[in-house]
Every structure is written in C-alpha cells, then in structure tokens.
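Remarks on the structure that follows.
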Amino acid sequence: MAHAGSRWPHRQRTDPQSARTGTNDFQWYHDGDYQPGSLAKTYLKQAGLVEQPKRAHVQISARGREVLSRNPVKIDNILLRDFKEFRDFLGRTKSEDAPARSLASTQIGSSSTAVAVETVDTPEEQIASASRTLNESLQDALLKRVLESNPTFFEGLIVDLLLATGYGGSRSDAGEQLGGPGDGGVDGVIREDQLGLDRIYLQAKRYQPGNTVGSETVQAFIGALVGKGAQKGVLITTSNFSKAALNVASQSGSLRLVLIDGSELTRLMIRFGVGVRTARTVEIKRVDLDYFEDLEPE
Numbered sequence: 074m075a076h077a078g079s080r081w082p083h084r085q086r087t088d089p090q091s092a093r094t095g096t097n098d099f100q101w102y103h104d105g106d107y108q109p110g111s112l113a114k115t116y117l118k119q120a121g122l123v124e125q126p127k128r129a130h131v132q133i134s135a136r137g138r139e140v141l142s143r144n145p146v147k148i149d150n151i152l153l154r155d156f157k158e159f160r161d162f163l164g165r166t167k168s169e170d171a172p173a174r175s176l177a178s179t180q181i182g183s184s185s186t187a188v189a190v191e192t193v194d195t196p197e198e199q200i201a202s203a204s205r206t207l208n209e210s211l212q213d214a215l216l217k218r219v220l221e222s223n224p225t226f227f228e229g230l231i232v233d234l235l236l237a238t239g240y241g242g243s244r245s246d247a248g249e250q251l252g253g254p255g256d257g258g259v260d261g262v263i264r265e266d267q268l269g270l271d272r273i274y275l276q277a278k279r280y281q282p283g284n285t286v287g288s289e290t291v292q293a294f295i296g297a298l299v300g301k302g303a304q305k306g307v308l309i310t311t312s313n314f315s316k317a318a319l320n321v322a323s324q325s326g327s328l329r330l331v332l333i334d335g336s337e338l339t340r341l342m343i344r345f346g347v348g349v350r351t352a353r354t355v356e357i358k359r360v361d362l363d364y365f366e367d368l369e370p371e
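Under this note's numbering, the first residue of the sequence shown carries the number 74, and numbering increases by one thereafter.
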C-alpha cells in the first residue's frame, strides 16, 4: 500500500515467507511519509521485534509476532522498555527520561494493524542538530562582526569570499577592489577564470538588519553593469532584499545578476572558510561490512 503524499518511491521488502504469500514484509512511515530504513526499524530491531538476516533485508522476529498477537494499539517506548535489550540500547544512547521527538508508524505484513513507534533522536541526529545550532549561532556572530567592520573591510571580504568559491586565482591577480567615490556603482571586480576572459562585478551594501535593500538599488546596479558592458554581477548585503528588488533582479534580461542577503552571506562564509576556523572535528565511524565480507571463506 502506498501512502498518499509520500515523497519516497514505494518499495517492497520481502522475506521468503512474504515472497510466497505475495505480501509486504514492512512498510515504514515517519511523520506520515514513507521512509525506508526509518528510526522505527532501529527501535524495533533493538527491542528484538524484528531481525535483519542480511544487508537490506528485515523480517519480523518470533518476539515481534508474539507482540502483534496481543493486538497492541501502538508500540511505544513504554512497551519497548519491557525488553532488556531496548533498555540497554537507551542507556548507551540517551537518557530514558528524554522526551520523544517524533512519531513513526509501520504496517507489518498483510495485517491492517498500524503500530506507532515513539522515537527520540539517534546519536547521529543529535550531532546533526547540534551542528545546525552551532552554525546558526556562528552566523549571528559573523554578521555582528561584519557590521562592526569598516566599509573598506567589508568590500574586501566580498572579494575574498568570491575567490574562496573558486573564481580567479588569488587576490593579487584575480580580485580588484574598487569602492570609494567615482567607482561607478561597483565595489569590486573579480576574474571568472585565471586568464581573466570574463569578469564579475560586485557591489556590497553593509546595511543594518531591517534596512531592506529596495528595487531602486538593484536597478542602479544594473545600470552600472550596463555602463561597463558587463554581463554578470553580484549584489551582496548584510540585510535582506525586498520582494520588488528580487523581481527586478529576476527580470534583468541578458544580465546574470545574483543577490546574496545576510543569511546567505554568512552561510557561504562558513561553507568556504572565510572568517572562520575549525575548532573541533568529530569523526563518526561505522562497521566496514565489505571488510568482513572479504574475510568470509568462499
């Protein structure tokens, strides 16, 4: 059975028993969407309700069939804690008192009984969530620093960022900082390649948050690009762009104009290592299944 509105393609996982009967072994759902290998499988496996006889194959265990014979309304952490294996798993990963973060449900075999599995974040998900939180905090700190810098530093930062993304070669031979009176509405120029066959013109607007860049600014930059015979331009601000400004940029004709707001600016700084450094690296290791399969006798 396929779930309406599912983002994932329907897939069948069968064991020999279900192959003979023509029924699905498992169909996994998480927050209403079909997700192969969802957290539900992890929790059921740790509690011993399902087995994984080989890679990419999952089947109901004898314990799982016994639990289903009771016709439970749902399978949640309270039920799973009846099994020592699951309690040990929770002790290795997260406090038993941690609140559930999501709800997963699964349809098992040909039964119409839907069982819900209350889940908490896995360790990998906790790391990913913590990383996102740290990056959001870092973005705020970066934006604050940029706003405290002088205009000349900000314009140089934009050139450095474009160079870090792979344009040109080095600041000395690829990026040219203009700025100041008489710059014709352009704050910097960067070579698109090391030979300088094409150039990208830059404009930087160091605005406080809430001071939106409007359509007039975008139109003025387009005019400056046309005056220089340019084909490509990047307009960057520490604030954001109005809807009208975005519309003007999207209708700039043959000009290729990219608008980067404060959120995207700091995200790119983090991604390409401009103004940031690595404070700590965490490695997550898993069992190398190919290694162990190579050791098995023919």
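Even glycine gets a Cβ: it sits at the ideal position worked out from N, Cα and C.
Measuring CA to CA, which of 363, 356, 216, 140 is closest to residue 196? Stepping through the sequence shown from its first residue, residue 196 is reached at position 123. Taking only the C-alpha atoms, the option nearest residue 196 is 356.
Residue 159 to residue 322 span [Cα, whole Å]: By one-based count along the sequence shown, residue 159 stands at place 86. By one-based count along the sequence shown, residue 322 stands at place 249. Distance between the alpha carbons of residue 159 and residue 322: 55 Å.
Inter-stretch contact at 8 Å, needing at least 3 Cβ pairs: the stretch 284-291 / the stretch 214-228: no
Can you look up residue 187 in the DSSP assignment and give me helix, strand or coil? Taking the sequence shown and counting its residues from 1, the one referred to as residue 187 is at position 114. Note that residue 187 scores a pLDDT of 49, beneath 50, so its modelled location is shaky and nothing firm can be said.
Where do the ends of the beta strand (DSSP E) carrying residue 224 lie? Counting from one through the sequence shown, the residue named residue 224 turns up at place 151. Run containing residue 224: none in the beta strand (DSSP E); it sits in the alpha helix (DSSP H), 224-237.
Contact check, residue 137 vs residue 122 under 8 Å by CB: the rounded distance? Here residue 137 is taken as the residue at index 64 of the sequence shown, counted from 1. Here residue 122 is taken as the residue at index 49 of the sequence shown, counted from 1. 4 Å between Cβ atoms; contact.
In chain order, what residues of the same chain lie with their CB nearer than 7 Å to the CB of residue 317, ignoring the 5 residues before and after it? Stepping through the sequence shown from its first residue, residue 317 is reached at position 244. Cβ within range, chain order: 287, 288.
Which residue's Cα is closest to the Cα of residue 281: 365, 219, 124, 199? Mapped onto the sequence shown, residue 281 falls at position 208. Ranking 365, 219, 124, 199 by Cα distance to residue 281 puts 219 first.
Given a threshold of 16 other Cβ atoms within 10 Å of its Cβ, counted over all protein chains shown, does residue 131 qualify as buried or as exposed? Residue mapping note: residue 131 aligns to position 58 of the sequence shown, counting from 1. Residue 131 should be labelled buried.
Nonlocal neighbours in the same chain, by C-beta distance under 7 Å from residue 346, ignoring five residues either side: As a working mapping, residue 346 is identified with position 273 in the sequence shown. Correct list, in chain order: 237.
Looking only at its own chain, which residues have a Cβ that is under 6 Å from the Cβ of residue 212, when we skip the five neighbours before and after it? As a working note, residue 212 is residue 139 in the sequence shown. The residues are 339.
Check residue 277 in the structure and name its three-state DSSP category. Counting from one through the sequence shown, the residue named residue 277 turns up at place 204. It is a strand residue.
Determine contact between the stretch 325-339 and the stretch 294-310, defined as no fewer than three beta-carbon pairs at a distance below 8 Å. yes
Spatial distance of residue 194 from residue 119 (CA atoms): For the purposes of this step, residue 194 is taken as the residue at position 121 of the sequence shown. For the purposes of this step, residue 119 is taken as the residue at position 46 of the sequence shown. Taking the straight line from one Cα to the other gives about 14 Å.
Check whether the Cβ atoms of residue 215 and residue 309 sit closer than 9 Å, and answer yes or no. Position 142 of the sequence shown holds residue 215. Position 236 of the sequence shown holds residue 309. No, the pair does not count as a contact, with Cβ atoms beyond the cut-off.
Rounded separation between residue 305 and residue 335 - CA only: Position 232 of the sequence shown, counted from the start, is the residue given in the question as residue 305. Position 262 of the sequence shown, counted from the start, is the residue given in the question as residue 335. Those two C-alpha atoms are separated by around 20 Å.
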